[in-house]
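Encoded as structure tokens, the structure appears first; notes follow it.
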Amino acid sequence: MKKMDKKIKKLIVNGMASLFIAVLFLGCSDKKIDDLNVGDSSKPGIRAVVPRTALPGNHVIISGVNFGDDRSTIKVMFGDQAAEIVNYSSGRIEAVVPAQTEAGYAKIHLEIGEERSNQYYFTFGFTKPSIDSLTRAYIGEPVDIMGSGFGNLEENITVTFDGDTADLLLVTDTLVRVFSPQLGERIAMDVRVDIGTNQSNVRRFSYLDNLYSNPVIAQSLPDPTLIKAEDGFFYLYATEDIRNIPIMKSSDLVNWELLGTAFTDATRPSFEPNGGLWAPDARYINGKYVLYYSMSVWGGEWSCGIGVATASNPAGPFTDHGPLFRSNEIGVQNSIDPCFIEDNGRNYMMWGSFRGIYLIEMSEDGLSVKEGAEKRQVAGTYFEGVYIHKKDGYYYMFASIGSCCAGINSTYQLVVGRSTSLAGPYYNRSGFDMMNNGRTLIIDRNDSFVGNGHCSQIVQDDAGNDWILYHGVRTSDPSGRVLMLDQIKWGQDGWPYVEGGTPSRATHAPVFNARLN
8 MKKMDKKIKK
18 LIVNGMASLF
28 IAVLFLGCSD
38 KKIDDLNVGD
48 SSKPGIRAVV
58 PRTALPGNHV
68 IISGVNFGDD
78 RSTIKVMFGD
88 QAAEIVNYSS
98 GRIEAVVPAQ
108 TEAGYAKIHL
118 EIGEERSNQY
128 YFTFGFTKPS
138 IDSLTRAYIG
148 EPVDIMGSGF
158 GNLEENITVT
168 FDGDTADLLL
178 VTDTLVRVFS
188 PQLGERIAMD
198 VRVDIGTNQS
208 NVRRFSYLDN
218 LYSNPVIAQS
228 LPDPTLIKAE
238 DGFFYLYATE
248 DIRNIPIMKS
258 SDLVNWELLG
268 TAFTDATRPS
278 FEPNGGLWAP
288 DARYINGKYV
298 LYYSMSVWGG
308 EWSCGIGVAT
318 ASNPAGPFTD
328 HGPLFRSNEI
338 GVQNSIDPCF
348 IEDNGRNYMM
358 WGSFRGIYLI
368 EMSEDGLSVK
378 EGAEKRQVAG
388 TYFEGVYIHK
398 KDGYYYMFAS
408 IGSCCAGINS
418 TYQLVVGRST
428 SLAGPYYNRS
438 GFDMMNNGRT
448 LIIDRNDSFV
458 GNGHCSQIVQ
468 DDAGNDWILY
478 HGVRTSDPSG
488 RVLMLDQIKW
498 GQDGWPYVEG
508 GTPSRATHAP
518 VFNARLN
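All you need for this note's numbering is the position in the sequence shown, starting with 1, plus 7.
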């Protein structure tokens, strides 16, 4: 019995040895097929294919030797399928992966005239992505993700920052460029690249600090009004400390360019012969840029009024259409500081300065008071420079109180109230009526800035953050009312506020993904 066991063991061992030799031989034979011509200095040879796994439509890079200089004689074959060549240089071919074979793999070879290269195994499927490094960027600027296995088809790739999907700008096998999403207060997050169901490693990304400091313009630009025009740029207009109403242009609310003025001395409104042009309000109505303006003589409460001008371009020139009304005509002292509102398909004007805030209906084109319309008082005598912002079923009345123009002694403050109706009643946070001068403080003074108020319209950046411009007086140089920028935030109770309740000094800038020219 023991002899029989020994014989069986010997047969098994010999059989396994024979099988190993056979497998080794077959493997060597297959390798010879795969490496055919590589060692031949005169024949084409494939050294590498990157990636070796990809989907139809992806690009692969084939590198090797003896590819020749005549692209027209070269064929890249995936089995019996010819692939499109998109780039060619000596020793390097970029080709498009053709339709998937039934087997799910193919042998790549080159045919150059009568010559045929060795074969290289290729598998159809999603690549395994890997992140090597990322560039740092300011908020809203592109981020480059370097690595491998990204493919080149946008439809196959997803890039996430802490789970939020980023917008793709460019995809190659070794580079993905994205706009990183804005994620609240976070400035660092985990990045991952997914190709189909294949997930990359995770890398940490952190923003560079994209900061600005107040003032954003150091020259005097009181009572700013702001509009985002059809060309995507922001245009700002202000009281004429620069004569004839200055026009400024910006793509990011921080960096501004002076374009010129809304009027010239020749086209300047003149219904108040000695009046100044104050506190404009810019709007886009029925395909026209409409500029409402105040014309007033300082201290002359009946020597003032509100006029209107239009332009086809936000940069001007503006054509004056004369006054909408004067104080003595409409029966309201200090008829300045216009604010246009469109509400439920009807147009209105709100205005006033320390003699009550009033509301009246306007014509469809916004260029005149509606015939037969009656004015209505909506707020008391503490306020001027109102602006109405509609949000979540409320009308928010932003207004200014105090002294605007006493230099270092200015007491101006920005306040707010709200109502469920445009015509009021408006209340402060504690429920006091603005007709009785109730208000909620938003921006007060600090060591750097006093006299802060008369805000612009609220505009949003690309991350959905709300921003206002307003004027303030620097305590270090109180010679003018400089342009200030701050983010408006909204509490859980729906009330707006500025962080800290005073002007910011240096903080995160608005987020704008598009780079305008």
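In this text, a Cβ means the ideal position worked out from N, Cα and C, and glycines have one as well.
CA-to-CA distance, residue j to residue i, given in whole angstroms
i: P345; j: L177; result: 47 Å
i: G409; j: A286; result: 16 Å
i: L218; j: A316; result: 36 Å
i: I119; j: T80; result: 5 Å
i: Y504; j: I449; result: 5 Å
i: Q88; j: G52; result: 19 Å
i: S124; j: A55; result: 12 Å
i: T326; j: L298; result: 9 Å
i: E72; j: L160; result: Glu is not the amino acid found at residue 72; the sequence shown has Val there. Going by the C-alpha atoms only, they are around 28 Å apart.
i: K82; j: K135; result: 27 Å
i: G283; j: E264; result: 23 Å
i: Y365; j: N320; result: 30 Å
i: S301; j: P276; result: 10 Å
i: T514; j: S220; result: 7 Å
i: A386; j: V393; result: 10 Å
i: P510; j: T246; result: 21 Å
i: Y403; j: L266; result: 32 Å
i: Y145; j: K377; result: 49 Å
i: N163; j: S137; result: 15 Å
i: W474; j: S463; result: 9 Å
i: R512; j: L331; result: 39 Å
i: E101; j: R143; result: 30 Å
i: Q420; j: G471; result: 26 Å
i: I395; j: I254; result: 22 Å
Contacts around residue i, its chain only, beta-carbon distance under 6 Å, and the 5 residues preceding and following it disregarded
i: A195; result: S213
i: R436; result: T447 and W502
i: A318; result: Y296 and F325
Residue i, buried or exposed, once every other Cβ within 10 Å from all chains shown has been counted against 16
i: Y95; result: buried
i: A516; result: buried
i: D288; result: buried
i: C411; result: buried
i: T204; result: exposed
i: D180; result: buried
i: V93; result: exposed
i: I172; result: The sequence given here has Thr at residue 172, not Ile. With fewer than 16 other Cβ atoms within 10 Å, it is exposed.
i: R497; result: Looking at the sequence itself, residue 497 is Trp, so the reference to Arg does not match. By the neighbour-count rule (16 or more Cβ atoms within 10 Å), W497 is not buried but exposed.
i: L243; result: buried
i: G312; result: buried
i: T271; result: exposed
i: R336; result: A small fix is needed here, since residue 336 is Glu in this sequence, not Arg. So E336 counts as exposed.
i: T232; result: buried
i: N281; result: exposed
i: S483; result: exposed
i: L215; result: exposed
Residue of the options minimising C-alpha distance to residue i
i: F278; options: D248, T317 and G329; result: G329
i: G508; options: V83, D493 and D327; result: D493
i: M369; options: I348, R333, Y296 and R211; result: I348
i: R383; options: S417, K398, G431 and S375; result: G431
i: Q340; options: E391, G373 and L298; result: E391
i: G338; options: R211, G363, Y403 and E371; result: G363
i: K557; options: L429, A413 and R353; result: Residue coverage of the chain in this structure runs from 8 to 524, which leaves residue 557 outside it and unanswerable.
i: F157; options: F240, L175 and S463; result: L175
i: N354; options: D399, P321 and I292; result: I292
i: P229; options: F241, G323, D468 and S407; result: S407
i: V480; options: S310, A225, N281 and D197; result: A225
i: K235; options: E101, D468, S511 and I69; result: D468
i: S207; options: D139, T246 and P253; result: D139
i: V422; options: D454, G400 and H461; result: H461
i: N251; options: A269, W305 and S417; result: A269
i: L182; options: D197, P149 and G170; result: P149
Anticipated Cβ contact below 8 Å, residue i with residue j, distance rounded
i: F519; j: S187; result: With 8 Å as the limit, F519 and S187 do not qualify as a contact, their Cβ atoms being about 13 Å apart.
i: V457; j: I495; result: 20 Å between Cβ atoms; not a contact.
i: R452; j: N459; result: 6 Å
i: T388; j: F361; result: 6 Å
i: W358; j: S334; result: Contact flag wrong, Cβ pair sits at about 10 Å.
Cut-off 8 Å between Cβ atoms - residues of its own chain near residue i, not counting five sequence neighbours on either side
i: E381; result: I367
i: F131; result: T60, A61, L62, P63, V104, Q107, T108, G111, Y112 and A113
i: Y434; result: G424, R425, S426, D440, M441 and G445
i: V185; result: P149, V150, I152, V166, A173, D174, L175 and L176
Cβ-based neighbour list, residue i, same chain, cut-off 7 Å, excluding 5 preceding and 5 following
i: S97; result: F74 and D76
i: E3; result: Given a span of 8 to 524 for the chain in the structure shown, any question on residue 3 remains unanswerable.
i: L374; result: V315 and H328
i: R199; result: T167, Q206, S207 and V209
i: W309; result: S334, N335 and Q340
Any C-beta of chain C under 7 Å from that of residue i
i: N251; result: Protein chains in the displayed structure number just one, and chain C is not present.
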